[in-house]
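Down below is the structure, laid out as structure tokens.
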Amino acid sequence: MEQSTGARRSAVLSLDRDAIAQLCREFGVRRLAVFGSAVTERFNPERSDVDFLVEFADSAPQTLSHYFRFKGALEALVDRSVDLVEAGALRNPFIIESIEASKEDLYAA
């Protein structure tokens, strides 16, 4: 059973961080982190999506088009559905605490 858990987790840890960093630079991302099942043994490579927390730089376009283009680029890169949460949009302190406790930073400008 431990081997299975490790295999599941290593699927997420094998994200191409160089390609992610390139996307972040291209889209004006200040910080990007992964959270949720993707950083736990609950991650299922066949069914799970990947949850990302993003903070765009002030200089990045603040448009829905920009947000969805970045989301689409992430989905193409990780080859699965992505939930993209903007850090500044979070208001619920319990959700913020949960994300902060489990997130794994992938990029910081």
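Going by the UniProt record's numbering, the sequence shown opens with residue 1, and the numbers climb by one from there.
Backbone N, C-alpha and C define an ideal beta-carbon position, used for all residues, glycine too.
Computed from a predicted model, the values in this text were never measured in an experiment.
Straight-line Cα distance separating residue j from residue i
i       : j       : result
Arg-47  : Ala-19  : 23 angstroms
Ala-108 : Arg-25  : 10 angstroms
Phe-94  : Leu-74  : 26 angstroms
Arg-31  : Ala-21  : 10 angstroms
Asn-44  : Glu-100 : 22 angstroms
Ala-57  : Val-29  : 5 angstroms
Ser-81  : Val-54  : 16 angstroms
Bounding residues of the beta strand (DSSP E) (the contiguous stretch that carries residue i)
i      : result
Ser-30 : Reading off the sequence, residue 30 comes out as Arg, not Ser. Run containing Arg-30: 29-35, per the beta strand (DSSP E) assignment.
Beta-carbon proximity check, residue i vs residue j, cutoff 9 angstroms
i           : j      : result
Asp-83      : Asp-49 : yes
Glu-86      : Val-34 : no
residue 137 : Phe-70 : No information on residue 137 is available, as it lies outside the stretch 1 to 109 that the chain covers here.
Ser-102     : Val-39 : yes
Ala-60      : Phe-27 : yes
Phe-52      : Leu-90 : no
Local Cβ density within 10 Å of residue i, reported as buried at 16 or more and exposed below that
i      : result
Gly-6  : A caution first: Gly-6 carries a pLDDT of 47, below 50, which makes its placement in the model unreliable, though a value can still be read off. Exposed, by the Cβ-count rule.
Gly-72 : exposed
Gly-36 : buried
### Length at least 3, wholly inside the UniProt domain "Polymerase nucleotidyl transferase" (21-103): the beta strand (DSSP E) runs in chain order
Correct list: 29-35, 50-56, 82-86.
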